[in-house]
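Chemist: These protein sequences, in sequence, are chains A and B.
Numbering follows UniProt numbering, with no gaps: position 115 of the first sequence is 115.
Numbering follows UniProt numbering, with no gaps: position 11 of the second sequence is 11.
Here a beta-carbon is modelled for each residue, glycine too, at the ideal position from N, C-alpha and C.
On a predicted model such as this, the values are computed, not experimentally measured, just so you know.
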Amino acid sequence: MWLRPARPRVRSTSRLFATFAAASLVPVVALGALVVQDYRRDAAEQGRAQGLAQADVIAQMVVAPALNSGEAHILGGDLSRRGLTAEQYERMRESTGLAVYRGSVQHLRLRGFTGRVIFSDDGSSSNGVPVSDPDFQAAAAGAARAKVIIGRTQTIRVMQPLFAGATGQSVGVLEVYLPYQSIADRLDHQVTQTVRRIGGGLAALYLVLALLAWWITRSLRRYAADQRHNALHDALTGLPNRVAFRAEADAVLNQARRDGETGAVVLVDLNRFKEVNDTLGHHAGDELLRVVSERFRAGLDSRDLLARLGGDEFALLLPGRTGPEAVALLEGVRDRLAEEMVLDGVPLSIEASFGIALYPEHGDHLQELTQHADVAMYQGKRGTADIVIYSGTGVAHSHQWLVVQAELRHALERDELVLHYQPKVNLPDGAVIALEALVRWEHPERGLLPPGVFLPAAEHSGLIVPLTEWVLRRALTDQLGWTAAGQSWAVSVNVSVRNLEVAGFPDLVAALLAETGTPPERLVLEVTETALAGDVERVERVLAQVAALGVGLSVDDFGAGFTSLSHLRGQPVAEIKIDRKFVADVTHDPQSRAIVRSVIELAHGLGSRVTAEGVETAEVYRWLIDAGCDEAQGYLIGRPVPWPQVDAGIFGLPGEMSEATMIEGMSR
Amino acid sequence: MSLLSRAAAAAGIALVLASGGCTGAPGVAVQAGAVDEVGTVAMDEALHAKLPETIRMRGFVRLVTDASYAPMEYFAADGRTIIGFEPDLAAALGEVLGVRVEMVVGVFNTALDEVSAGTYDGVLSSMTDTEDRRDRADFVNYFSTGTSILVQRGNPKGVRSLDDLCGHSAAAETGTFQEEMLRQTAKKCGSRPVRIVSLPTNADALVELRLGRVVAALQDYPPASYLTTDERTSAFFELASDEQYEPGLFGIAVDKHNVALRDCLRDALQRLIDSGTYGDLLARWELSASGVSKATVNGA
Numbered sequence: 001m002w003l004r005p006a007r008p009r010v011r012s013t014s015r016l017f018a019t020f021a022a023a024s025l026v027p028v029v030a031l032g033a034l035v036v037q038d039y040r041r042d043a044a045e046q047g048r049a050q051g052l053a054q055a056d057v058i059a060q061m062v063v064a065p066a067l068n069s070g071e072a073h074i075l076g077g078d079l080s081r082r083g084l085t086a087e088q089y090e091r092m093r094e095s096t097g098l099a100v101y102r103g104s105v106q107h108l109r110l111r112g113f114t115g116r117v118i119f120s121d122d123g124s125s126s127n128g129v130p131v132s133d134p135d136f137q138a139a140a141a142g143a144a145r146a147k148v149i150i151g152r153t154q155t156i157r158v159m160q161p162l163f164a165g166a167t168g169q170s171v172g173v174l175e176v177y178l179p180y181q182s183i184a185d186r187l188d189h190q191v192t193q194t195v196r197r198i199g200g201g202l203a204a205l206y207l208v209l210a211l212l213a214w215w216i217t218r219s220l221r222r223y224a225a226d227q228r229h230n231a232l233h234d235a236l237t238g239l240p241n242r243v244a245f246r247a248e249a250d251a252v253l254n255q256a257r258r259d260g261e262t263g264a265v266v267l268v269d270l271n272r273f274k275e276v277n278d279t280l281g282h283h284a285g286d287e288l289l290r291v292v293s294e295r296f297r298a299g300l301d302s303r304d305l306l307a308r309l310g311g312d313e314f315a316l317l318l319p320g321r322t323g324p325e326a327v328a329l330l331e332g333v334r335d336r337l338a339e340e341m342v343l344d345g346v347p348l349s350i351e352a353s354f355g356i357a358l359y360p361e362h363g364d365h366l367q368e369l370t371q372h373a374d375v376a377m378y379q380g381k382r383g384t385a386d387i388v389i390y391s392g393t394g395v396a397h398s399h400q401w402l403v404v405q406a407e408l409r410h411a412l413e414r415d416e417l418v419l420h421y422q423p424k425v426n427l428p429d430g431a432v433i434a435l436e437a438l439v440r441w442e443h444p445e446r447g448l449l450p451p452g453v454f455l456p457a458a459e460h461s462g463l464i465v466p467l468t469e470w471v472l473r474r475a476l477t478d479q480l481g482w483t484a485a486g487q488s489w490a491v492s493v494n495v496s497v498r499n500l501e502v503a504g505f506p507d508l509v510a511a512l513l514a515e516t517g518t519p520p521e522r523l524v525l526e527v528t529e530t531a532l533a534g535d536v537e538r539v540e541r542v543l544a545q546v547a548a549l550g551v552g553l554s555v556d557d558f559g560a561g562f563t564s565l566s567h568l569r570g571q572p573v574a575e576i577k578i579d580r581k582f583v584a585d586v587t588h589d590p591q592s593r594a595i596v597r598s599v600i601e602l603a604h605g606l607g608s609r610v611t612a613e614g615v616e617t618a619e620v621y622r623w624l625i626d627a628g629c630d631e632a633q634g635y636l637i638g639r640p641v642p643w644p645q646v647d648a649g650i651f652g653l654p655g656e657m658s659e660a661t662m663i664e665g666m667s668r
Numbered sequence: 001m002s003l004l005s006r007a008a009a010a011a012g013i014a015l016v017l018a019s020g021g022c023t024g025a026p027g028v029a030v031q032a033g034a035v036d037e038v039g040t041v042a043m044d045e046a047l048h049a050k051l052p053e054t055i056r057m058r059g060f061v062r063l064v065t066d067a068s069y070a071p072m073e074y075f076a077a078d079g080r081t082i083i084g085f086e087p088d089l090a091a092a093l094g095e096v097l098g099v100r101v102e103m104v105v106g107v108f109n110t111a112l113d114e115v116s117a118g119t120y121d122g123v124l125s126s127m128t129d130t131e132d133r134r135d136r137a138d139f140v141n142y143f144s145t146g147t148s149i150l151v152q153r154g155n156p157k158g159v160r161s162l163d164d165l166c167g168h169s170a171a172a173e174t175g176t177f178q179e180e181m182l183r184q185t186a187k188k189c190g191s192r193p194v195r196i197v198s199l200p201t202n203a204d205a206l207v208e209l210r211l212g213r214v215v216a217a218l219q220d221y222p223p224a225s226y227l228t229t230d231e232r233t234s235a236f237f238e239l240a241s242d243e244q245y246e247p248g249l250f251g252i253a254v255d256k257h258n259v260a261l262r263d264c265l266r267d268a269l270q271r272l273i274d275s276g277t278y279g280d281l282l283a284r285w286e287l288s289a290s291g292v293s294k295a296t297v298n299g300a
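(1) What ranges does the alpha helix (DSSP H) occupy inside the stretch 427–511 of chain A, keeping only unbroken runs of at least 4 residues that lie completely in it?
(2) Cβ closer than 7 Å: which chain A residues qualify as neighbours of residue 67 (chain B)?
(3) Check whether chain A comes within 9 Å of residue 80 (chain B), counting only Cβ atoms and requiring the distance to be less than that.
(4) Measure the beta-carbon distance from residue 599 (chain A) to residue 630 (chain A) and round it to whole angstroms, keeping in mind my assumption that it falls under 8 Å.
(5) Give the DSSP bridge partners of residue 100 (chain B), in chain order.
(6) Excluding five sequence neighbours on each side, which residues of the same chain lie with their C-beta closer than 8 Å to the C-beta of residue 21 (chain B)?
(7) Closer than 7 Å, Cβ to Cβ, to anything on chain B: give me those residues from the stretch 148–168 of chain A, in chain order.
(8) Taking Cβ positions, are residue 351 (chain A) and residue 337 (chain A) nearer each other than 9 Å?
(9) Just confirm the distance between the C-beta atoms of residue 199 (chain B) and residue 180 (chain B), as a whole number of angstroms; I'd bet it's less than 8 Å.
(10) Just checking my contact of residue 162 (chain B) with residue 185 (chain B) at CB under 8 Å: how many whole Å lie between their CB atoms?
(11) Who are the Cβ neighbours of residue 293 (chain A) in its own chain at under 6 Å, not counting the five residues just before and after it?
(12) Give every residue of the same chain whose Cβ lies closer than 8 Å to the Cβ of residue 31 (chain B), excluding the five residues on either side of it in the sequence, and list them in chain order.
(13) Along chain A, which residues have their Cβ under 8 Å away from the Cβ of residue 206 (chain B)?
(14) So, are the CB atoms of residue 364 (chain A) and residue 253 (chain A) less than 9 Å apart?
(15) Using beta carbons (cut-off 9 Å, strictly below), is residue 146 (chain A) in contact with chain B?
(16) Output, in chain order, the set of chain A residues within a Cβ distance shorter than 8 Å of residue 75 (chain B).
(17) Mind checking whether the beta-carbon of residue 238 (chain B) lies closer than 8 Å to any heavy atom of the ligand NAD?
(18) Using a Cβ-Cβ cutoff of less than 6 Å, which residues in the same chain neighbour residue 140 (chain A) once the five nearest sequence positions on both sides are dropped?
(19) Report the three-state DSSP secondary structure of residue 235 (chain B) (helix, strand or coil).
(20) Please classify residue 196 (chain A) as buried or exposed, where buried requires at least 16 other C-beta atoms within 10 Å of its C-beta.
(21) Kindly list the residues whose CB is nearer than 7 Å to the CB of residue 411 (chain A), restricted to its own chain and excluding five residues on each side of it in sequence; keep chain order.
(22) How far does the alpha helix (DSSP H) with residue 600 (chain A) in it extend, from its first residue to its last?
(23) How is residue 641 (chain A) classed by DSSP in three states: helix, strand or coil?
(24) Just verifying my parser: in three-state terms, what is the DSSP assignment at residue 341 (chain A)?
(25) When you compare only the Cα positions, how much space is there between residue 574 (chain A) and residue 519 (chain A)?
(26) What three-state label does DSSP hand residue 359 (chain A) in the structure shown?
(27) If the cut is a Cβ gap below 8 Å, which residues of chain B does residue 247 (chain A) touch?
(28) Taking the alpha-carbon of residue 391 (chain A) as reference, which of A:409, A:404, A:371 and A:406 has the nearest alpha-carbon?
(29) Can you check whether the CB of residue 88 (chain B) is closer than 9 Å to the CB of residue 281 (chain B)?
(30) Judging by CA-CA distance, which residue of A:342, A:184 and A:316 is the nearest neighbour of residue 356 (chain A)?
(31) For residue 27 (chain B), I'd like the list of residues in its chain whose CB is within less than 6 Å of its CB, leaving aside the five on either flank, ordered along the chain.
(32) Restricting to runs no shorter than 3 residues, where is the beta strand (DSSP E) found entirely within the UniProt domain "GGDEF" (261–392) of chain A?
(33) Do we get a CB-CB distance below 9 Å when we pair residue 185 (chain B) with the residues of chain A?
(34) Within the 9 Å Cβ cut-off, does residue 142 (chain A) reach chain B?
(35) Could you work out which residue in A:94, A:342 and A:632 is closest to residue 67 (chain A) when comparing CA atoms only?
(36) By Cβ distance below 6 Å, which residues in the same chain neighbour residue 247 (chain B) in space, the five residues on each side in sequence not counted?
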């Protein structure tokens, strides 16, 4: 929905690639340098070895024969002691002259161990390596040394022991200078070529590495982008998900807090989505969500944020809008959504409930705002308006609800709930004919809690289902108790619309009846009037199933809600309970009287009995008898108490029955 | 982990205690630095005292040698150090006598003359103790061997014995017993004389043989055997037969008038034989077959 700036990521990938490239360049260059250095050293070593070998040949083929000529004069030690005989000297000149002249040997000297020059190619006796030179010392000690001397041309100087004869005795030092330039040139050429080859190879290798690095970083970047997108987006609709919404909305709200901007957070819940999913299958449900998202998008500005929180829940952040503006926008969206669409050949019209919380009016943090929007949305769901702005009053206990829900869950486990019963008497004789089960919570800290404190919270969550189940079971069990005590009272249990939406509710009722052996006509299920206004078809189907068991159905709080009378038509209703609002006013409000009378007539016309709730005065009681009401219930007759405390006697008005009897009856 | 290290520490303490106990026990005190020298012999003060005073005074004995006779005596790769069995033996003798025994390179043929002239105190150069030489020197015998005929590998002229040398040329070092043997052989050849090539060193004789300028070279069995087994030379030389001709004794030649030195050397050698050092030195140079069991003078 909103565009994320892509530049920083690109920069970080190019930096990653640069790091890769630099990191692989280091070993490549190091390897190259190492190899070249080794190769150079080997080449130099090879040159010296060649020089040594050449000097060896000269020593053995030229020098030794010349020295060996004549007598055994040479034997027994150091040349510097004796020098050469004239004959030996002449032979040396003859045998070295040509090589020296042609330059194959640049210089050649025979040295005694003391350093004395015994023979030199040019006749001088003062030149030569100093005795202190390490190479001279090594040669005198028997080890040959070669050294490249770089002057105008390169020359290799070999110092080696002079083995004059076959015995292997060293008699001095041979100092030979051989031309090295051509050898050096050849070696240089070899080195250059090798460097080129290795350099080329390494460059190619580096190129491959760099390509790999580039390819990998690109793959990584794409993968990371995908991952990021997946983490923040809903796969089905491509919309930002809850995490992304939270992050983005937090950012917007922070900004708004700083700049004092206004806006709205909206939660949207599709009505009857579950039905589509259940009847047409998940595929159709998915398709529906896709279509809905597109319609949402079409109705929003680019600055608005749309996210799918999960299931059929969507969230909107509408920055810079006032309440009316938001409502106006959402009305447009609602109308778009309501346009008919065809899924699997079935024409559908989608309705949604919108809960709006405004900032900074209803809070400036996302959590607060979404809670309020949630409350508003549920308010809408319960009522008729589908776009509701949080009012700040009413069911604003969302947070407390969460606590209550958690505690209630424990209460069910720990059996902290108890049932109180309020008697319902027949008119006009005043005989108790039924008890209405009313749940109370013996809260370990807060004492006995009335249902108004926790039932809305239970209803808001799924807890109402196990709660009702618990009440049903307990009520039927208690009924066994009073049956055994000789009473034939029926028992009424309040059922939430949520119970009716849970699959298998009729089966549960049947099972519990069978379990306790209760005749079905002794159980009455009271359904709030508004339940009939919800998912009509489903509720009707379930009610029909329950009625088929023989269980009596009662419409509770009749007149308080918005029940269409048409709903009553198809229902197997055994009893209609008039809401206490009307009952309390019958003595002084003609309109209430008219309504109550009409309801009584209506009920009788439908074949149902009528029960008046909230009967608190004898005046009302009498009026109801006169009006032809069938049954009455209220504090006048009896407050909710544990069943053993229910007054089993015939109810009589104070005037017609002594006060003492009544108190006695209450206290029993 | 900690248990293990604690166990190791305990073991270490136990070891220290145990070794402490051992040093306390009576044992042979070993002189420092002597442990790794096998067969080292102590200086014999009595023998030292018997040395001629001049030698005692200067502290060394100089023996002349021709270092071309591996493994008896020859130059190391540096061309200056003389190594071999005889330098080792000389050093050992020096140890016993309490003087330095030096090996000096010289010409074999004139070695005895140099001794007579007093240049050197003796000759230690694989010199065979012969009757003729006894006229000029006394010999302290330290080695026993015969002479071999060395030919080119493959023995191209089919030399099997000394007689086969008739009509061919053969080389020997000037002044050696082998040169004399060739002369004796030549006398028996009649119309097909042996051409005798005498050379200043044994190495020169081997050069002649290697180059094919002589058919055979005569030398003592140990160096001949060394040549035919050493990897650098075995490709070129072989023994004509396994026979050792005219076996005899080598001796350190000492001037006939220098009886004191002669006897000192003899006694010192006997000391080396007795102590096992002599045997050890022979073994080092793979010459054990040629050892003598008793130090003698002039073969007796």
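Modeler: So, from the data block:
(1) For the stretch 427–511 of chain A, whole alpha helix (DSSP H) runs of length 4 or above, ordered along the chain, are 451–460, 464–484 and 497–501.
(2) As a working note, residue 67 (chain B) is residue 67 in the second sequence. The contacting residues are 167 and 169.
(3) As a first step, residue 80 (chain B) is located in the second sequence; it is residue number 80 there, counting from the start. By this cut-off, residue 80 (chain B) is an interface position.
(4) The sequence position of residue 599 (chain A) within the first sequence is 599, counting from 1. The sequence position of residue 630 (chain A) within the first sequence is 630, counting from 1. No, residue 599 (chain A) and residue 630 (chain A) are not in contact; Cβ-Cβ is about 11 Å, not under 8 Å.
(5) Here the question's residue 100 (chain B) lines up with position 100 in the second sequence. Paired residues: B:60.
(6) Along the second sequence, read from residue 1 onward, the residue named residue 21 (chain B) stands at position 21. Because residue 21 (chain B) sits at a pLDDT of 38, beneath the cut-off of 50, its placement in the model cannot be relied upon, and the following sentence gives the value as read from the coordinates. Taken in chain order, the list of residues that qualify is empty.
(7) Against chain B - using a Cβ distance shorter than 7 Å - the residues of the stretch 148–168 of chain A are 161, 163, 165, 166, 167 and 168.
(8) As a working mapping, residue 351 (chain A) is identified with position 351 in the first sequence. As a working mapping, residue 337 (chain A) is identified with position 337 in the first sequence. Taking 9 Å as the Cβ cut-off, residue 351 (chain A) and residue 337 (chain A) qualify as a contacting pair.
(9) Reading the second sequence from its first residue, position 199 is the one you call residue 199 (chain B). Reading the second sequence from its first residue, position 180 is the one you call residue 180 (chain B). Rounded, the Cβ-Cβ distance is 15 Å, inconsistent with contact.
(10) Your numbering for residue 162 (chain B) matches position 162 in the second sequence. Your numbering for residue 185 (chain B) matches position 185 in the second sequence. Yes, residue 162 (chain B) and residue 185 (chain B) are in contact; Cβ-Cβ is about 5 Å, under 8 Å.
(11) The residue labelled residue 293 (chain A) in the question sits at position 293 within the first sequence. Only 237 and 239 meet the Cβ criterion.
(12) The sequence position of residue 31 (chain B) within the second sequence is 31, counting from 1. In this prediction, residue 31 (chain B) scores a pLDDT of 39, lower than 50, which makes its location untrustworthy; the coordinate-derived value is nonetheless stated afterwards. If we look at residue 31 (chain B) and ignore the five residues flanking it on each side, it has no Cβ neighbours.
(13) Here residue 206 (chain B) is taken as the residue at index 206 of the second sequence, counted from 1. Under the 8 Å cutoff, chain A gives 166.
(14) Taking the first residue of the first sequence as position 1, residue 364 (chain A) is located at position 364. Taking the first residue of the first sequence as position 1, residue 253 (chain A) is located at position 253. Cβ atoms of residue 364 (chain A) and residue 253 (chain A): closer than 9 Å.
(15) As a first step, residue 146 (chain A) is located in the first sequence; it is residue number 146 there, counting from the start. For residue 146 (chain A), no Cβ of chain B is located within less than 9 Å of the residue's own Cβ.
(16) Residue 75 (chain B) sits at position 75 when you count from the first residue of the second sequence. Within chain A, the residues whose beta carbon sits less than 8 Å from that of residue 75 (chain B) are 167, 168, 169 and 170, listed in sequence order.
(17) Looking at this structure, you won't find the ligand NAD or any other ligand, since it has none at all.
(18) Your numbering for residue 140 (chain A) matches position 140 in the first sequence. So the list reads 113 and 173, once near-sequence residues are dropped.
(19) Along the second sequence, read from residue 1 onward, the residue named residue 235 (chain B) stands at position 235. The DSSP-derived three-state label of residue 235 (chain B) is coil.
(20) For the purposes of this step, residue 196 (chain A) is identified with residue 196 of the first sequence, where counting begins at 1. Exposed is the label assigned to residue 196 (chain A), since fewer than 16 other Cβ atoms lie within 10 Å of its Cβ.
(21) Residue 411 (chain A) sits at position 411 when you count from the first residue of the first sequence. Excluding sequence neighbours, residue 411 (chain A) sits near 417 and 441.
(22) Residue numbering aside, residue 600 (chain A) sits at position 600 when the first sequence is read from its first letter. 590–606 is the span of the alpha helix (DSSP H), which, as asked, contains residue 600 (chain A).
(23) Taking the first sequence and counting its residues from 1, the one referred to as residue 641 (chain A) is at position 641. Residue 641 (chain A): strand per DSSP, three-state reduction.
(24) Translated into the one-based positions of the first sequence, residue 341 (chain A) becomes position 341. Residue state, collapsed to three classes: strand.
(25) Here residue 574 (chain A) refers to the residue found at position 574 of the first sequence. Here residue 519 (chain A) refers to the residue found at position 519 of the first sequence. The straight-line gap separating the alpha-carbon atoms of residue 574 (chain A) and residue 519 (chain A) is approximately 16 Å.
(26) One-based indexing of the first sequence puts residue 359 (chain A) at position 359. In the structure shown, residue 359 (chain A) sits in a strand (DSSP, three-state: E or B).
(27) Locating residue 247 (chain A) in the first sequence gives position 247, counting from the first residue. For residue 247 (chain A), no chain B residue has a Cβ inside 8 Å of its Cβ, as the nearest lies near 49 Å away.
(28) By 1-based counting over the first sequence, the position of residue 391 (chain A) is 391. Taking only the C-alpha atoms, the option nearest residue 391 (chain A) is A:371.
(29) Here residue 281 (chain B) refers to the residue found at position 281 when the second sequence is read from its first residue. Here residue 88 (chain B) refers to the residue found at position 88 when the second sequence is read from its first residue. A Cβ-Cβ contact shorter than 9 Å links residue 281 (chain B) with residue 88 (chain B).
(30) Walking along the first sequence from the start, residue 356 (chain A) turns up at place 356. Measuring from the Cα of residue 356 (chain A), the nearest candidate turns out to be A:316.
(31) Along the second sequence, one-based indexing puts residue 27 (chain B) at 27. Its pLDDT being 35, under 50, residue 27 (chain B) is placed unreliably in this model, and the coordinates cannot settle the point.
(32) For the beta strand (DSSP E) assignment, the uninterrupted runs of no fewer than 3 residues enclosed by the UniProt domain "GGDEF" (261–392) of chain A are, from N- to C-terminal side, 263–270, 305–310, 313–319, 341–343, 346–348, 352–359 and 387–389.
(33) Translated into the one-based positions of the second sequence, residue 185 (chain B) becomes position 185. With 9 Å as the cut-off, residue 185 (chain B) does not count as an interface residue toward chain A.
(34) As a working mapping, residue 142 (chain A) is identified with position 142 in the first sequence. Interface residue, yes.
(35) Locating residue 67 (chain A) in the first sequence gives position 67, where the first residue counts as 1. From the listed residues A:94, A:342 and A:632, the smallest Cα separation to residue 67 (chain A) is found for A:94.
(36) Reading the second sequence from its first residue, position 247 is the one you call residue 247 (chain B). Non-local beta-carbon contacts of residue 247 (chain B) in its own chain, meaning distances under 6 Å to residues more than five positions away in sequence, involve 146 in chain order.
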